[in-house]
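In our numbering, the protein residues as written are 16 to 113.
Don't be surprised by glycine CBs; every beta carbon is placed ideally from N, CA and C.
Accompanying notes for the structure given below.
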């Protein structure tokens with residue numbers, strides 16, 4: 016699954032845990048930018064972690080356009096990818112503020 020900011024790969028896990036990995040290559044930017052993108056992705060997934068179906072291993076791969084993205088854009092991209100891939104077991108309530 017892909018969006019403008021990231022790509023999501025899902026692999027069924029052998030147990031009922033959810034593991035999430037993030038890959039941000041040097042094409043995204045220098046170390047400061049890559050770390051910022053990882054922090055944004057991590058927080059966006061953390062806010063939706065309880066809604067992710069158990070037994071999934073998820074890998075998010077950031078695209079270069081994520082370097083200029085705001086937190087809201089990253090959150091929307093992660094939500095879109097999780098919904099579209101079927102990784103959610105229940106709907107995620109949208110926060111009023113973020």
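- With at least 16 other beta carbons inside 10 angstroms of its own, residue 59 counts as buried.
- With at least 16 other beta carbons inside 10 angstroms of its own, residue 23 counts as buried.
- Taking C-beta atoms as the reference points, residue 39 and residue 49 count as a pair closer than 8 Å.
- Under the 10 Å beta carbon count, residue 104 is surrounded by fewer than 16 other beta carbons and is classified as exposed.
- Residue 94 and residue 63 have their alpha carbons spaced roughly 8 Å apart.
- Nearest C-alpha to residue 53 among 32, 26, 73 and 81: 81.
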